[in-house]
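Yeah, the sequence shown ends on 729 if you go by the numbering used here, and it's all consecutive.
Note that CB positions come from ideal geometry on N, CA and C, so glycine has one too.
This report concerns only the one structure given below.
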Amino acid sequence: MSKKCEVDPQTITHSMFHGTTYRCRDPITMLETEAEFCENEECAMCGILREGNKKRKTRNSWLWWKKSGIWSSNDPGHSLAHSLKRPDQHPYIMFVLDVLSPLPGYTLEVFDEAATIPKYLIVFE
């Protein structure tokens with residue numbers, strides 16, 4: 605993308621937050637032991653850890669005519685609020701992503717899976 609836009613890669617790489625959910629065992633226990641990711645299709649955390657962000661796994665847009673991309677925000681609170689987290693689920697989880705986009709933004713939606721690179725997993729109460 606940087607060659608296509610003729611810019612320095614650092615100017616199009618944005619550190620963003622992506623809140624999500626999990627359906628397997630407690631992430632803290634999983635990460636403290638030998639991390640074996642579950643195969644549950646509903647477990648977004650293990651899916652991202654195993655394969656990276658995938659458009660086919662994103663929620664559908666509420667606009668029937670609009671394709672869904674991979675959403676992220678530079679505000680962790682905003683990202684967490686939109687993660688559809690179940691109220692009974694603790695701890696919370698969030699990924700820090702490098703997102704490639706020619707323009708910065710409070711929120712970014714990208715449609716190319718290769719433009720989101722998971723860097724860190726944050727697990728918190």
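Specify the secondary structure class of residue i as computed by DSSP and reduced to three states.
i      : result
HIS550 : Beyond the ends of the chain as shown, which are 605 and 729, falls residue 550; an answer cannot be given.
THR637 : coil
LYS658 : coil
THR615 : helix
SER672 : coil
PRO722 : strand
SER687 : coil
LEU653 : helix
VAL645 : Contrary to the premise, residue 645 reads as Glu rather than Val in this sequence. Correct three-state label for GLU645: coil.
SER606 : Any answer about SER606 is weak, because its pLDDT of 48 lies below 50 and its placement is not dependable; what the coordinates show is given next. SER606: helix per DSSP, three-state reduction.
GLY709 : coil
Rounded to the nearest angstrom, what separates residue i and residue j at their Cα positions?
i      : j      : result
SER687 : GLY623 : 5 Å
PHE699 : ASP716 : 18 Å
CYS650 : GLY709 : 27 Å
LEU712 : HIS682 : 12 Å
SER606 : THR615 : Low confidence applies here, because SER606 scores a pLDDT of 48, under 50, leaving its location unreliable and the question unanswered by this model.
SER619 : ILE726 : 14 Å
PHE763 : SER677 : With the chain covering only 605 through 729, there is no way to say anything about residue 763.
CYS642 : ARG627 : 9 Å
ASP702 : ALA685 : 20 Å
LEU704 : THR720 : 7 Å
Would residue i and residue j qualify as a contact pair, given that the criterion is a beta-carbon distance under 8 Å?
i      : j      : result
PRO695 : GLU640 : no
THR633 : ALA648 : no
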